[in-house]
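See below for the structure under consideration.
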Amino acid sequence: MSIRHKVKVRGGAAVAVAAVLALTLAGCGGGDEKPKEPQKSDTSKNQGSGSPKAAPSADKSSAPLDVIATAQGPAGIMLEINSAERDADGYLTVSGQFKNTASAAFVKTQPWNGEEKNASPASVAGATLVDTAGKKRYYVLRDTEGRCACTTGLMRIGAGETVPFFAQFPAPPTTTTEVVFGLPTFATATVKISG
Numbered sequence: 095m096s097i098r099h100k101v102k103v104r105g106g107a108a109v110a111v112a113a114v115l116a117l118t119l120a121g122c123g124g125g126d127e128k129p130k131e132p133q134k135s136d137t138s139k140n141q142g143s144g145s146p147k148a149a150p151s152a153d154k155s156s157a158p159l160d161v162i163a164t165a166q167g168p169a170g171i172m173l174e175i176n177s178a179e180r181d182a183d184g185y186l187t188v189s190g191q192f193k194n195t196a197s198a199a200f201v202k203t204q205p206w207n208g209e210e211k212n213a214s215p216a217s218v219a220g221a222t223l224v225d226t227a228g229k230k231r232y233y234v235l236r237d238t239e240g241r242c243a244c245t246t247g248l249m250r251i252g253a254g255e256t257v258p259f260f261a262q263f264p265a266p267p268t269t270t271t272e273v274v275f276g277l278p279t280f281a282t283a284t285v286k287i288s289g
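With positions in the sequence shown counted from 1, the corresponding number in my numbering is that position plus 94.
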């Protein structure tokens, strides 16, 4: 077999792998498997699925969101937490935003994944909650395929840009009224739970 023939075979194999990967990823984006978004007015209307729900996205036309906690990160990145809502299904959703106060784009988001390398890259899967009173740590929920119930696709935050995020956890006991939110490379922040 000549070298030229081997190159053609490898090139064809690469094209075949790329095509299969593209079809697989396109199939993963199916509409029925996406978590439902809770409405701010009444989260109990979206119950019954038993699966984690996506946090509401920030509405750019509404008034500024209340900030209940902040944490300073590297290179001018600020983490603002707007809510930590417990729902009747036993989930606690932390929502907020990243603000890049620097004059340059921020691209060092990989540590935010935590130990997650495959199922949820470029995410906030490394976030944790600590119930100091109950002496328990909570990790971001995962679906049956290992994908986090959190914001993904965080590869770049432009200078002056604000990017919303959410992370969903198992809810601590109802007697717990505040938790400590942690995300790699950020200072921790104490957050009051609502709901």
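Virtual Cβ for every residue (Gly too), placed ideally from N, Cα, C.
Backbone secondary structure at residue i - three-state DSSP
| i | result |
| --- | --- |
| Ala-163 | strand |
| Asn-207 | helix |
| Pro-168 | helix |
| Ser-177 | strand |
| Arg-250 | coil |
| Pro-266 | coil |
| Lys-229 | coil |
| Ser-197 | coil |
With 16 other Cβ atoms within 10 Å as the buried cut-off, status of residue i
| i | result |
| --- | --- |
| Glu-179 | buried |
| Gln-133 | Note that Gln-133 has pLDDT 41, beneath the 50 cutoff, so the model's placement of it is unreliable and the number below is only indicative. Its Cβ having fewer than 16 others within 10 Å, Gln-133 is exposed. |
| Val-188 | buried |
| Thr-245 | buried |
| Asn-176 | buried |
| Pro-266 | buried |
| Val-161 | exposed |
| Gln-262 | buried |
| Thr-203 | buried |
| Ala-281 | exposed |
| Gly-289 | exposed |
Where the beta strand (DSSP E) containing residue i begins and where it ends
| i | result |
| --- | --- |
| Ser-189 | 185-194 |
| Gly-276 | 272-276 |
| Lys-286 | 283-286 |
Neighbourhood of residue i by C-beta distance below 7 Å, restricted to the same chain and skipping five residues each side
| i | result |
| --- | --- |
| Gly-247 | Ala-216 |
| Pro-278 | Pro-205, Trp-206, Gly-208, Gly-220 |
Through-space distance from residue j to residue i, alpha-carbon basis
| i | j | result |
| --- | --- | --- |
| Leu-173 | Ala-253 | 15 Å |
| Asp-225 | Pro-158 | 29 Å |
| Arg-250 | Ser-197 | 13 Å |
| Ile-171 | Phe-200 | 8 Å |
| Asp-183 | Asp-237 | 15 Å |
| Ala-165 | Ala-283 | 6 Å |
| Tyr-185 | Ala-169 | 32 Å |
Residues near residue i by beta carbon distance below 6 Å, same chain, minus five either side
| i | result |
| --- | --- |
| Gly-240 | Ala-213 |
| Arg-231 | Thr-222, Val-224 |
| Glu-43 | Residue 43 lies beyond the stretch modelled for the chain, which goes from 95 to 289, so this question has no answer here. |
| Gly-276 | Thr-222, Thr-282 |
Beta-carbon proximity list for residue i, same chain, < 8 Å, skipping 5 on both sides
| i | result |
| --- | --- |
| Thr-270 | Asp-225, Ala-227, Gly-228, Ile-287 |
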